[in-house]
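For the record, the sequence lines run as chains Z and B.
Residue numbers for the first sequence follow UniProt numbering, beginning at 1 and rising by one.
Residue numbers for the second sequence follow UniProt numbering, beginning at 1 and rising by one.
Beneath this line is the structure, given in structure tokens, with notes to follow.
Protein chains: 2
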Amino acid sequence: MRIGELAQKAGVTPRTIRYYENLGLIHPSEREGGGFRYYTEAELLRLQKIDCLKSLGLTLEEIASAINLYFEDPTELKAKQKVLTILQAHLQETDDKIAALAQFRSELQTNITKIQQCIEKISQ
Amino acid sequence: MRIGELAQKAGVTPRTIRYYENLGLIHPSEREGGGFRYYTEAELLRLQKIDCLKSLGLTLEEIASAINLYFEDPTELKAKQKVLTILQAHLQETDDKIAALAQFRSELQTNITKIQQCIEKISQ
DNA sequence: GTTTATATTAACGTTAACGTCAAGGTTAAT
DNA sequence: ATTAACCTTGACGTTAACGTTAATATAAAC
């Protein structure tokens, strides 16, 4: 099948598939005559796996670093270990972001209070 | 004074001042002969006010919408009311972000647990 | 009058994941 | 053989706040 059909089956646009190819996430199984990209069911599976990993919050770069592991080993053990490591890093980053936002929120609250008092003084 | 001196006094780069000018945040008091920008102490005060508002977390666009109020009215009442409104909006956005991150964290934790169990099964 | 320091505008680069043309080539159907 | 539908690469646009050249002009100092 060609890129349009694959895109439709995978629920993405042809542009997305070309973009993924550029990042090394996926390749056409064949590229003959007129220069068209031809794909098989294997590439559809790959796109579905990419979508699955995206929904876990992985970036495309992280997906690129992990996706081949899914198709090298039938148990997918190494793939899952890799994804686990990435998710644990995300957890840490998320906690850091929450802490930073909590800090920011606290400073905001302080500044809001200050300005309110300042406005009250002026309004008197 | 010219842009370099103003920049140094304000602790920014000339590029920053030109960028601010582009956004309508500040203008040279004069632009004569050779095309150089000339500034007075008033512009230094303005840059300091910009820096102050930045440190409150305002974007340059928000600063642009508020800064003139500081120099129109000596009590700065309207300016402070405007900034207060902006900060209250930021507070809401911050709370929203924290809530979204907390949700994301929870999903992450769920996925991590799932994968760990999956890995254990395979490893048996 | 020449060097040196500083100024000018213009324009690309920085992040992520594509959307959206544009100009042209290929394939399938009629 | 023509048309419609699809494909190709290339390149700009999207956010924020500037940093960093580059090529050129002006001012200040000697």
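The beta-carbon is built from N, C-alpha and C at its ideal position, and this holds for glycine as well.
Check: Sequence-distant residues of the same chain with beta carbon closer than 7 angstroms to Thr75 of chain Z, five excluded per side; Outcome: none
Check: Rounded straight-line distance, which links the Cα of Gly11 of chain Z to that of Ala102 of chain Z; Outcome: 38 angstroms
Check: Expected contact under 8 angstroms - CB spacing of Ser29 of chain Z and Tyr39 of chain Z to nearest Å; Outcome: 6 angstroms
Check: Which of helix, strand or coil DSSP assigns to Glu30 of chain B; Outcome: strand
Check: Backbone CA spacing between Glu61 of chain B and Lys9 of chain B [nearest angstrom]; Outcome: 23 angstroms
Check: Enclosing alpha helix (DSSP H) for Gln103 of chain Z [first to last residue]; Outcome: Leu77 to Ser123
Check: Of the residues B:His90, B:Gly24 and B:Asn111, the one placed nearest Thr110 of chain Z, counting alpha carbons only; Outcome: B:His90
Check: Phe104 of chain Z at chain B interface by Cβ criterion, 8 angstroms; Outcome: yes
Check: Anticipated Cβ contact below 8 angstroms, residue 126 of chain Z with Ile115 of chain B, distance rounded; Outcome: Not covered by the structure: residue 126 of chain Z. The range shown for chain Z is 1 to 124.
Check: Own chain, CB closer than 8 angstroms to Glu41 of chain Z, minus 5 neighbours either side, in chain order; Outcome: none
Check: Beta-carbon neighbours of Ile67 of chain B, restricted to chain Z and to distances below 8 angstroms; Outcome: Result: empty, since nearest Cβ-Cβ is about 15 angstroms, beyond 8 angstroms.
Check: Neighbour flag for Thr113 of chain Z against chain B, beta carbons, 8 angstroms; Outcome: no
Check: Residue-chain proximity (Gln88 of chain B, chain Z), Cβ-Cβ < 8 angstroms; Outcome: yes
Check: Chain-ordered neighbours of Lys97 of chain B on chain Z, where CB pairs are closer than 7 angstroms; Outcome: Leu101
Check: Chain B within 8 angstroms of Cys118 of chain Z, Cβ atoms only; Outcome: yes
Check: Supposed close pair Ile86 of chain Z, Ala66 of chain Z - CB separation, criterion 8 angstroms; Outcome: 7 angstroms
Check: C-alpha distance - Ile26 of chain B paired with Glu5 of chain B, whole-angstrom precision; Outcome: 15 angstroms
Check: Any chain B beta carbon closer than 8 angstroms to Ile63 of chain Z; Outcome: no
Check: Interface residues of the segment 68 to 86 of chain B facing chain Z [CB-CB below 8 angstroms]; Outcome: Thr75, Glu76, Leu77, Lys80, Gln81, Val83 and Leu84
Check: Proximity test, Cβ basis, 8 angstroms: Ile26 of chain B and chain Z; Outcome: no
Check: Neighbour flag for Leu47 of chain Z against chain B, beta carbons, 8 angstroms; Outcome: no
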